[in-house]
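Some notes on the structure that comes next.
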Amino acid sequence: MFFNKTKNTYLFLLISILFIITSCKQTSTVKAQEFTQESIQDTFVEKKTVVTGADQTKAYIPSLLNKNIAIVANQTSRIQKTSNYDSTITSIHLVDYIHNSKQIHVKKVFAPEHGFRGKADAGEIIKNGKDVKTGLPIISLYGKNKKPSKKQLKGIDMVIFDIQDVGARFYTYISTLHYVMEACAENKIPLIILDRPNPNGHYVDGPVLEMKHHSFVGMHPVPVIYGMTIGEYGTMINGEKWLKNGIQCDLKVIPLQNYTHQTAYSLPVKPSPNLPNDASINLYPSLCFFEGTNVSVGRGTNKQFQIVGNPFHHLKKHSYMFTPTPNEGAKKPKHNNKECYGYDLSNNKKLNRLNLQWLLEFYNAHKQYSKEKKFFTSFFTKLAGTKELQKQIEQGITEEEIRKSWQDDLNDFKKIRSNYLIY
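Here the working numbering is used: the first residue of the sequence shown is 83, the next is one more, and so on.
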């Protein structure tokens, strides 16, 4: 009996040791991955969930083999990976996944506003550096260096762009895309966009930007909400010849699967520090106008872009009070350490068009009661893309009348947009 127990114990230990050795070999294989046709596996393709371009590795990994690659990425650039051993699904950063390969040579990463890990304030200058995990150089595309230089692209055979957009003209990732496309076109480097859903892709609305007011928060003659994925938007930039001197980029888009513009999509990773959830992302296009006024949109709180208010006494009658203080993504929030009075919109019904009513109400209250001289700042025109919207508000024009003034330009844009829709 004792002999049998001892024999079983040794047998158990032997099996355990063999399992550990096998696991170590598997881990080693992941760190120095060799891509073969069999090892490149797409995730969720047969299911009815949305499949991002990044998840469809079979569609782009073969094009990268034995090439020097630059990747434009941030914290949203993740893929779903299925284990070959137990079929579990994990999330891995695109840069880590590709960098693991001995056959693909990732040379550098370009990072947009908010940085590679997505923790910097809006408008904060991002410095170049090195990624701690991979050792890859990180080059900022925000601040003075918005466009990859010829020197920065020297020796690069292909560029991959994988960043989650939210579908609003003043969200600067599409401006970064413009400059990346332009740099690739000038240096004759192919660009692949790994497409991702637009959480605000279900409608088109707002004033169309007048090019005399173009800036990094609005570079193209499109409405505030353009209803396109970032892949579709890139094809429009190319097709309409909006790049410098009308040049065009050698562009390929890896399209989404199981997606339409009416598909509800909850982002798995917050796209920037002050868009923490679905409510903030849906409200963002309407509330961002307040960034060009004396009204706070909740930066410095835990309800960014879900609350609005300012410290002026005439607004105490409103239902919600908050006090902005410095936090991640808002080191110097508007009305820092001052009590603000306004609205909590976090439980608001999902918007299917821009809401101007909140903006009109705050302006009218300011005009009637506030001792502050200014409601609008010069930034408002950049956000609106036109001076007309501020004039209309100041003249007391109603929301519906303002909307009517957009319609001809919106209809013209929709005709252009239709030429580039993939979904």
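The C-beta atom is built at its ideal place from N, Cα and C for all residues, glycine as well.
All figures in this text were calculated on a predicted structure; none of them were measured in a lab.
Task: First through last residue of the alpha helix (DSSP H) which encompasses Gly321 - done: By 1-based counting over the sequence shown, the position of residue 321 is 239. Per DSSP, Gly321 belongs to the alpha helix (DSSP H) from 312-321.
Open item on the list: Distance check for Pro350 and Ser445, CA to CA, integer angstroms please.
Closed with: Taking the first residue of the sequence shown as position 1, residue 445 is located at position 363. Taking the first residue of the sequence shown as position 1, residue 350 is located at position 268. For clarity, residue 445 is Tyr in the given sequence; the question names Ser instead. Between Tyr445 and Pro350, the C-alpha separation is close to 35 Å.
- [ ] State the Cα-Cα distance for the pair Gln489 and Pro289, rounded to the nearest angstrom.
- [x] On the sequence shown, position 407 is the one that residue 489 refers to. On the sequence shown, position 207 is the one that residue 289 refers to. Whole-angstrom Cα-Cα distance: 9 Å.
TODO: Please report how far the alpha carbon of Glu373 lies from the alpha carbon of Tyr425, in whole angstroms.
DONE: Translated into positions along the sequence shown, residue 373 becomes position 291. Translated into positions along the sequence shown, residue 425 becomes position 343. If you take the alpha carbons of Glu373 and Tyr425, they lie about 16 Å apart.
Open item on the list: With distance defined between alpha-carbon atoms, name the residue in Asn384, Trp324, His284, Tyr423 nearest to Ile307.
Closed with: On the sequence shown, position 225 is the one that residue 307 refers to. Of Asn384, Trp324, His284, Tyr423, the residue nearest in Cα terms is His284.
Task: Rounded Cβ spacing between Phe243 and Leu273 (contact assumed at less than 8 Å) - done: What you label residue 243 is simply residue 161 of the sequence shown in a count that begins at 1. What you label residue 273 is simply residue 191 of the sequence shown in a count that begins at 1. At roughly 6 Å, the Cβ-Cβ gap stays under 8 Å, so Phe243 and Leu273 are in contact.
TODO: Closer than 6 Å by C-beta to Lys229: which residues in its own chain qualify, once you throw out the five before and the five after it? Chain order, please.
DONE: For the purposes of this step, residue 229 is taken as the residue at position 147 of the sequence shown. Within the same chain, Lys229 has close Cβ partners Tyr261, Ala265.
Open item on the list: Restricting to runs no shorter than 4 residues, where is the alpha helix (DSSP H) found entirely within the segment 441-491?
Closed with: 461-466, 470-476
- [ ] Along the beta strand (DSSP E) that carries Asp364, what are the first and last residues, could you check?
- [x] Indexing the sequence shown from 1 puts residue 364 at position 282. For the sequence presented, residue 364 should be read as Asn rather than Asp. From DSSP, Asn364 is part of no beta strand (DSSP E) but of the alpha helix (DSSP H) over 360-369.
Open item on the list: Relative to the C-alpha of Gly197, which candidate in Lys294, His181, Gln157 has its C-alpha closest?
Closed with: Walking along the sequence shown from the start, residue 197 turns up at place 115. Among Lys294, His181, Gln157, the Cα nearest to that of Gly197 is on Gln157.
TODO: Confirm, please, whether the CB-CB distance from Ser173 to Arg160 is below 9 Å.
DONE: Taking the first residue of the sequence shown as position 1, residue 160 is located at position 78. Taking the first residue of the sequence shown as position 1, residue 173 is located at position 91. Going by C-beta atoms, Arg160 is nearer than 9 Å to Ser173.
TODO: Quick one: grab the DSSP three-state call for Asp65.
DONE: There is no way to answer for residue 65, as the model of the chain reaches only from 83 to 505.
Task: Residues near Lys496 in its chain [Cβ-Cβ closer than 8 Å; skip 5 each side] - done: Taking the first residue of the sequence shown as 1, we reach residue 496 at position 414. Around Lys496: Val286.
Task: Within-9 Å CB hit, Glu195 to chain D - done: The displayed structure is made up of one protein chain only, and chain D is not part of it.
Open item on the list: Using only the alpha-carbon positions, how far apart do Asn547 and Lys190 sit?
Closed with: Outside the shown range of the chain, which is 83 to 505, sits residue 547, and nothing can be said about it.
Task: Thr459 classed as buried or exposed, judged by whether at least 16 other C-beta atoms fall within 10 angstroms - done: Looking up residue 459 in the sequence shown gives position 377. Counting Cβ neighbours within 10 Å, Thr459 comes out exposed, since fewer than 16 surround it.
- [ ] Assign Lys486 to buried or exposed, taking buried as 16 or more other Cβ atoms, counted over all protein chains shown, within 10 Å of its Cβ.
- [x] Sequence index remark: in the sequence shown, residue 486 carries index 404 (1-based). By the neighbour-count rule (16 or more Cβ atoms within 10 Å), Lys486 is not buried but exposed.
Task: His196, enclosing beta strand (DSSP E) - first and last residue - done: Against the sequence shown, residue 196 aligns to sequence position 114. Where His196 is concerned, there is no enclosing beta strand (DSSP E), given that its DSSP letter is neither H nor E.
TODO: With distances taken Cα to Cα, identify the nearest neighbour of Phe461 among Val299, Lys420, Lys233.
DONE: Position 379 of the sequence shown, counting from 1, holds the residue named residue 461. Selected option, being the one with the closest Cα: Val299.
TODO: Determine the contact status of Gly249 and Gly313, defining contact as a CB-CB distance below 9 Å.
DONE: Within the sequence shown, the letter at position 167 stands for residue 249. Within the sequence shown, the letter at position 231 stands for residue 313. No, these two residues do not count as a Cβ contact at 9 Å.
Task: Where Arg435 sits in the DSSP three-state scheme - done: Start at 1 with the first residue of the sequence shown, and residue 435 comes out as number 353. In this structure, Arg435 counts as coil in the three-state DSSP scheme.
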